[in-house]
Amino acid sequence: ELFPANRQNVDHFAKYFTEAGLKELSDFLRVQQSLGTRKELQKELQERLSQECPIKEMVLYVKEEMKRNELPEPAVIGLLWTCVMNAVEWNKKEELVAEQALKHLK
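If you want it as structure tokens, here you go:
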């Protein structure tokens, strides 16, 4: 068996394919894992925002996930911004959107 059950993880796959001269496949696997992790984080954040969880609790959760999954800060900032903007129902009048955004971000 090429990948026994106890070695079916990203690190083992990446090491195997890198050693086999297929670094591109290893990189692709890591990117896919990162995308999956980001989608899960975004889903969890949207759920917490809809439940109006305390901000301090959400900050701790995000920091833990960043550390555990080695997510870069710029990617998480973009993800947070998307979640916050999707959590609010925006006014149809353009001139009121900026005022509404400031109100929600305070």
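Residues in the sequence shown are numbered consecutively from 1, following full-length UniProt numbering.
Positions of the beta carbon are idealized from the N, C-alpha and C atoms, including for glycine.
With the cut-off set at 7 Å, would you say residue 113 and Arg38 are in Cβ contact?
The chain is shown from 1 up to 106; residue 113 falls before or after that span and cannot be answered.
Express the C-alpha separation of Tyr16 and Arg68 in angstroms, rounding to a whole number.
Sequence index remark: in the sequence shown, residue 68 carries index 68 (1-based). Sequence index remark: in the sequence shown, residue 16 carries index 16 (1-based). Approximately 23 Å between the Cα atoms of the pair.
Indicate whether Asn91 and Val97 have their beta-carbon atoms separated by less than 7 Å.
As a first step, residue 91 is located in the sequence shown; it is residue number 91 there, counting from the start. As a first step, residue 97 is located in the sequence shown; it is residue number 97 there, counting from the start. Judged by their CB atoms, Asn91 and Val97 are nearer to each other than the 7 Å cut-off.
Leaving out the 5 sequence neighbours to the left and right, which residues in its chain are closer than 6 Å to Gln46 when beta-carbon positions are compared?
The residue labelled residue 46 in the question sits at position 46 within the sequence shown. Within the same chain, Cys83 come within 6 Å of Gln46 by CB-CB distance, once the 5 residues on both sides are set aside.
From what residue to what residue does the alpha helix (DSSP H) around Asn86 run?
Taking the sequence shown and counting its residues from 1, the one referred to as residue 86 is at position 86. First-last of the alpha helix (DSSP H) with Asn86: Glu73 to Asn86.
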